[in-house]
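Chemist: Each residue of the sequence shown is one higher than the one before, starting from 1 at the first, in full-length UniProt numbering.
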Amino acid sequence: MERLLPADPSRLGDNRLLGRLGAGGMGVVYLARTGTGDLAAVKVIQPEYADQAEFRARFRREASSAGQVDSPWVVRVLGADTEAAAPWLATTFVPGPALAEAVAACGPLPDRAVRVLGKVLARALTAVHEARLVHRDVKPGNVLLALDGPRLIDFGIARPTATDETELTSDNMVVGTPGFLSPEQARAQRVGAASDVFSLGCVLAYAATGRLPFGTGAADALLYRTVHDEPELDGVADAELRALLGRCLAKEPEQRPTAAEVDAELVEDAPAGTVDWLPDPVVRMIAERSAEMLALPGIEPTEVSPESPESPGHSRRRVLALGSGAALLMAGGGAALWAALRDDDPGTPTASSPWVIGLHADLTGPLRESGRAQERGARLAVERFNARKGRPFTLALRTEDDRGEPARAVRAARRLTGAADVLAVLGPTGYASTLAALEVYDGAVMPLLTVSELSTRAAQAGIAGTDPRSYFRAATLSAYGAFATVTALGERGVGKLGLLGDRAGGLVGMESVLVTSSAASGQLELYLRVVPALASTSDLAPVTDDMLSRGVDGFYYIGTPERAAAVARTLAERNFTGPRYLDDACAAEAFVSGAGRAAEGWQVLTSYIGPDAAPVSAFATAYRKRYGSAPGPWAAEAYDVTRLLADRLTALAPKGGKRPTRDRLTQALAAARFTGVAATYAFDDQKRMKQQLLHQYRVQNGRFAYAGARDLTGD
C-alpha cells in the first residue's frame, strides 16, 4: 500500500481513505475504513475520465454487475456513488495475496488444492452467470486468497449476457488479459458464460503447473496460440483433473462444461472457514498478509499542528510484529472547528470550580458490565483524591453513556470535547465506539485513555490511518494475549493446536485469530477453522468434531462466552482433556454458567486483573465496601488511570490555580511513569503501555480463579 497523495480525498461517502492500493488505466483503488470499521477497497474513476460518457457508463455497469452477484466467494459491494463528480465503488477488502502472487512465491498448488480452488471459483462463476453476467477477466490476479477461502474480484469489464444490452467496447476490440482469454475473446467476438469457463481452465492449469497453458510472449502470439494450438497440460498430474481442464479449454464454447457442471465434477468440500486445503507456505503467506492489515502504516499529513509536535520513533521492544507505522502529526480539522463554531458555548470554568475528568462508556448497552465497572473504579479514585487534605483542586467525574452505539459515541465525544472544564476522558469501552469518536477527540487534542478498547486497529483507523496525538492505550493490547496464549500452549506440550475462530466475536476477535495464526507459525502445527457469525450453536459441534479428527492436542476458542460454552460441552462429551484456552472476551459468567462442569480447567489470559489477585486486594476491599460487590473487569485499571490523571494534573499545577491545557496534559501523560495497583503506567512513542502485562485465570469450582501474571515486557 502506498501513502495518500496530497491531492487524494480523505473520505468518499462513509469511507475514510487510508492509502493507495494501486492505480490503473481507469482509476485509483484506495484502502479505506467503512463507518462500521471494516476494511474496504474503494475504486475511483480518474478525473480525466469521469466526464467521458463511455468510462462513466462502464463504471456504472461495474457497480451494478457486482451488486447483482450473491455468492460468498465473490467480493461484496459495500456502497457506490456512480453519479458523483468522481464516481466510486466500495467492495469488501480481502487482506490476502492474489493467486498469481502465491504461485509465484510458493510454486504450483497440490492437486487437491487445485480441485478445491476450482470448485470455489466454479461456484462463484455460477452465481455470476445466474445474474446473467459474464465476468470476462477471470485470471490469477483477480483471485484473492483469504483465511476463510478464495474470492473472485473485479467486475470492471463484466457485461450482461442479454442480447439487447448495449456493448461499451467497440467491434474488433480484444477485452481481457492475454493468456487467460477464450478463443472468442481473442477473435473479439461476442462472448457468453462459456468464455469464463475457458478462463477458469487457464487459471486452474496455471495453479497446478505454475505455467500458462498457452505459453508466454507477445500478446499477439498468445492470442494466436489460444485460437489455434492445444493447451499444454502435461504438468497436471491428476488425470481426472487434467481431463476436466481439457474440456474447459475446448476451442468451441458449446463443447465446454458449464460452471455448475465443473462444480459438480470436482468432488471436494468447499472450504468452510479453513485453509487446510492449501500448502503451508501459502497459509503462512495469507496469515502474514492478514496480520499486516491489523495495524496500518501512517499516512502523510497535509497539515501539521504547531501546538503538539511529535517525532517519529520506534517502540522499545516488539514482542510481536503487529505492523505499526511511525507516529505522524495530524491537524484536528473538523472536530476542532465544530467545537469552535458551536452556539452553546460552555463558558470558561472559574478558579473554584472542579477540574473535570470525563468518562465515556457503554453503561446501558452490550458492554455495560465493563462500562459500569470502569465508572465505579473511576468514581472511587475521584472520591479518594477529594478526601485528601491539602489537595490543590477538587476533581469531578462527568459521565456520558453511548450505549455502545457509534452515532451516540460521536455525540458523547462532542459534548465532552465541547465542555471547557473537561480536561481528559477515560474510555470509550469498546471498538465500535472508539472508532467512531476518535477523530472528534483527536481534533480537540483531548487526552483520551482507554483500558478496555485494546484492538490493534482502532488507533490507526481513527484518523485517516495516522497515529492519534492524544489517544493512550492504558492496558496490554489483546493481540499480545493471543501471542502469549500460543506460547503457553507450546509450554504445555501442545504439538498441534486447534484454533476455532468464531466471527460472532466481532472484529477484535478476528484480529486475535489472525495474530494467533501468525504467532503459531514456527512454534507448533495449527489447524484453523473459522465459523460465520450467523452459524447456530448446534453448528459448532461438527466443526469441533472435525478439529478433533485432525488430531489436535490443544484447543483455543476465540468468540463469545455463550458459544464458547457450547464448544466446551462438546469437548467434554468427546473426553478431550488437552489444554483449552479462551480469548479474554469469553472470560465471563455466561461461559461458566453455560458450560457447567465442562468449564472446569479452561484457561484464559486477560489484560485486566481480577479482584482476588494479591496486588489489588486493598482496592478490592475498598470497592466492596463502597459498592457492596466485587470489582468487575477493568475496574482496577480505571481506578489506576483516574489516579494517573490526578497525579499528572497535580504535577502540572501543584498549588491549583490556572488549569493546564489539554495539550500540556497530553505531553505530561506521554512522559509519565506512575505505579498503580494493577500495573506501572508508562507509554511508548505510540502511546501504548511499555509494560506488557497479562493475567492468567483457570476455571476451578465454577469460577475463574486467578493463577498469576505473565510479564511480556522484557528489556
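Virtual Cβ for every residue (Gly too), placed ideally from N, Cα, C.
Can we say the stretch 491-506 touches the stretch 543-559, given the rule of at least three CB pairs closer than 8 Å?
Modeler: Yes, they touch.
Chemist: Apart from the five residues just before and just after residue 429, which ones in its own chain have a Cβ nearer than 6 Å to its Cβ?
Modeler: By one-based count along the sequence shown, residue 429 stands at place 429. Here the set comprises 361, 362, 367, 370, 371 and 452.
Chemist: In angstroms, rounded to a whole number, what distance separates the CA positions of residue 100 and residue 276?
Modeler: Within the sequence shown, numbered from 1, the residue matching residue 100 stands at position 100. Within the sequence shown, numbered from 1, the residue matching residue 276 stands at position 276. Approximately 19 Å, taken between the alpha carbons.
Chemist: Less than 8 Å separating the beta-carbons of residue 601 and residue 580?
Modeler: If you number the sequence shown from 1, residue 601 lands on position 601. If you number the sequence shown from 1, residue 580 lands on position 580. In this structure, residue 580 lies closer than 8 Å to residue 601 by Cβ.
Chemist: Have a look at residue 245 and residue 496 and give me their C-alpha separation to the nearest angstrom.
Modeler: In the sequence shown, residue 245 corresponds to position 245, counting from 1. In the sequence shown, residue 496 corresponds to position 496, counting from 1. Each residue's alpha carbon lies about 36 Å from the other.
Chemist: If you measure between the beta carbons of residue 712 and residue 480, is that distance less than 8 Å?
Modeler: Stepping through the sequence shown from its first residue, residue 712 is reached at position 712. Stepping through the sequence shown from its first residue, residue 480 is reached at position 480. The answer is yes: Cβ separation under 8 Å.
Chemist: Relative to the alpha-carbon of residue 672, which residue among 691, 69, 289 and 209 has its alpha-carbon at the smallest distance?
Modeler: Working through the sequence shown from its first residue, we reach residue 672 at position 672. Per the Cα distances, 691.
Chemist: Buried or exposed: residue 228, going by 16 or more other Cβ atoms within 10 Å of its Cβ?
Modeler: Stepping through the sequence shown from its first residue, residue 228 is reached at position 228. Its Cβ having fewer than 16 others within 10 Å, residue 228 is exposed.
Chemist: Could you say which of 643, 605, 238 and 356 lies nearest to residue 114 if we only look at CA atoms?
Modeler: In the sequence shown, counting from the first residue as 1, residue 114 sits at position 114. Out of 643, 605, 238 and 356, 238 has the C-alpha closest to the C-alpha of residue 114.
Chemist: What does DSSP give as the partner residues of residue 689 in its beta bridges?
Modeler: Locating residue 689 in the sequence shown gives position 689, counting from the first residue. 683, per the DSSP bridge assignment.
Chemist: Please check the pair residue 108 and residue 207, which I expect to be a contact at CB under 8 Å, by giving their CB distance rounded to whole angstroms.
Modeler: If you number the sequence shown from 1, residue 108 lands on position 108. If you number the sequence shown from 1, residue 207 lands on position 207. That pair is a contact at about 7 Å.
Chemist: Sort 516, 666 and 235 by Cα distance to residue 651 and report the nearest one.
Modeler: Residue mapping note: residue 651 aligns to position 651 of the sequence shown, counting from 1. Here the closest residue by C-alpha is 666.
Chemist: Run through DSSP, which three-state label would residue 33 get?
Modeler: Translated into the one-based positions of the sequence shown, residue 33 becomes position 33. Residue 33 falls in the strand class under three-state DSSP.
Chemist: Measuring straight from C-alpha to C-alpha, what distance separates residue 66 and residue 265?
Modeler: Start at 1 with the first residue of the sequence shown, and residue 66 comes out as number 66. Start at 1 with the first residue of the sequence shown, and residue 265 comes out as number 265. Near 27 Å, if we compare the C-alpha coordinates of residue 265 and residue 66.
Chemist: What residue range is occupied by the uninterrupted beta strand (DSSP E) comprising residue 624?
Modeler: Position 624 of the sequence shown, counting from 1, holds the residue named residue 624. Looking at the DSSP string, residue 624 is not in any beta strand (DSSP E); the run it does join, the alpha helix (DSSP H), is 617-627.
Chemist: Curious, which full-length alpha helix (DSSP H) runs of at least 4 residues does the stretch 401-439 contain?
Modeler: For the stretch 401-439, whole alpha helix (DSSP H) runs of length 4 or above, ordered along the chain, are 406-418.
Chemist: How far does the beta strand (DSSP E) with residue 525 in it reach, from first residue to last?
Modeler: Your numbering for residue 525 matches position 525 in the sequence shown. Looking at the DSSP string, the run of the beta strand (DSSP E) that includes residue 525 is 525-531.
Chemist: Exposed or buried, which one is residue 728 when buried takes at least 16 other CB atoms within 10 Å?
Modeler: A query on residue 728 cannot be resolved here, the shown segment of the chain reaching from 1 to 715 and no further.
Chemist: Check residue 654 in the structure and name its three-state DSSP category.
Modeler: Counting from 1 along the sequence shown, the entry for residue 654 is found at position 654. Residue 654: coil per DSSP, three-state reduction.
Chemist: State yes or no: is the C-beta of residue 135 within less than 8 Å of the C-beta of residue 125?
Modeler: Here residue 135 refers to the residue found at position 135 when the sequence shown is read from its first residue. Here residue 125 refers to the residue found at position 125 when the sequence shown is read from its first residue. Yes. Within cutoff.
Chemist: Starting from residue 23, follow the beta strand (DSSP E) in both directions and report where the run begins and ends.
Modeler: Stepping through the sequence shown from its first residue, residue 23 is reached at position 23. Where residue 23 is concerned, the enclosing beta strand (DSSP E) stretches over 15-23.
Chemist: Can you name, in chain order, every residue of its own chain whose Cβ lies under 7 Å from the Cβ of residue 332, other than the five neighbours on each side?
Modeler: Counted from its first residue, the sequence shown places residue 332 at position 332. Low confidence applies to residue 332: its pLDDT is 30, below 50, so where it sits in the model is not reliable enough to give any reading.
Chemist: Report the rounded CA-to-CA distance for residue 475 versus residue 267, giving the unit in angstroms.
Modeler: Along the sequence shown, read from residue 1 onward, the residue named residue 475 stands at position 475. Along the sequence shown, read from residue 1 onward, the residue named residue 267 stands at position 267. Roughly 49 Å separates the two Cα atoms.
Chemist: Quick one: is residue 545 buried, meaning 16 or more other Cβ sit within 10 Å of its Cβ, or exposed?
Modeler: Along the sequence shown, one-based indexing puts residue 545 at 545. Residue 545 comes out exposed.
Chemist: Can you list, in chain order, the residues of its chain whose CB lies under 7 Å from that of residue 519, leaving out five sequence neighbours each side?
Modeler: As a first step, residue 519 must be located in the sequence shown, where it is residue number 519. Closer than 7 Å at Cβ, skipping near neighbours: 320, 482, 483 and 486.
Chemist: Just the Cα atoms here: how many angstroms apart are residue 13 and residue 42?
Modeler: As a working mapping, residue 13 is identified with position 13 in the sequence shown. As a working mapping, residue 42 is identified with position 42 in the sequence shown. If I take the Cα positions, the gap works out to 10 Å.
Chemist: Look at the Cβ atom of residue 591, then the Cβ atom of residue 582, and state whether they are nearer than 8 Å.
Modeler: As a first step, residue 591 is located in the sequence shown; it is residue number 591 there, counting from the start. As a first step, residue 582 is located in the sequence shown; it is residue number 582 there, counting from the start. For residue 591 and residue 582, yes; Cβs fall inside 8 Å.
Chemist: CA-CA distance, residue 102 and residue 409?
Modeler: Taking the sequence shown and counting its residues from 1, one reaches residue 102 at position 102. Taking the sequence shown and counting its residues from 1, one reaches residue 409 at position 409. Each residue's alpha carbon lies about 41 Å from the other.
Chemist: For residue 440 and residue 447, what's the separation of their Cα atoms in angstroms?
Modeler: In the sequence shown, residue 440 corresponds to position 440, counting from 1. In the sequence shown, residue 447 corresponds to position 447, counting from 1. About 11 Å.
Chemist: Buried or exposed for residue 567, please, with buried defined as at least 16 other CB atoms from any protein chain shown within 10 angstroms of its CB.
Modeler: Here residue 567 refers to the residue found at position 567 when the sequence shown is read from its first residue. Buried, because 16 or more other Cβ atoms sit within 10 Å of the Cβ of residue 567.
Chemist: By a C-beta neighbour count over all protein chains shown, 10 Å radius and 16 as the cutoff for buried, is residue 658 buried or exposed?
Modeler: If you number the sequence shown from 1, residue 658 lands on position 658. Residue 658 comes out exposed.
Chemist: Hey, how far is the Cα of residue 150 from the Cα of residue 71?
Modeler: One-based indexing of the sequence shown puts residue 150 at position 150. One-based indexing of the sequence shown puts residue 71 at position 71. Their Cα atoms are separated by approximately 12 Å.
Chemist: Rounded to the nearest angstrom, how far is the Cβ of residue 359 from that of residue 397, given a contact under 8 Å?
Modeler: Position 359 of the sequence shown, counted from the first residue, corresponds to residue 359. Position 397 of the sequence shown, counted from the first residue, corresponds to residue 397. Between residue 397 and residue 359 the Cβ distance is about 6 Å, and since that is below 8 Å, they are a contact.
Chemist: For residue 173, count neighbouring Cβ atoms within 10 angstroms of its own Cβ and tell me buried if that reaches 16, exposed if not.
Modeler: Looking up residue 173 in the sequence shown gives position 173. For residue 173, the pLDDT reaches just 42, beneath the cut-off of 50, and the residue's location in the model is therefore unreliable, leaving the point undetermined.
Chemist: Please report the distance separating the alpha-carbon of residue 250 from that of residue 198.
Modeler: Numbered from 1 along the sequence shown, position 250 holds the residue referred to as residue 250. Numbered from 1 along the sequence shown, position 198 holds the residue referred to as residue 198. Going by the C-alpha atoms only, they are around 7 Å apart.
Chemist: Helix, strand or coil, according to DSSP, for residue 2 in the structure here?
Modeler: Looking up residue 2 in the sequence shown gives position 2. Strand.
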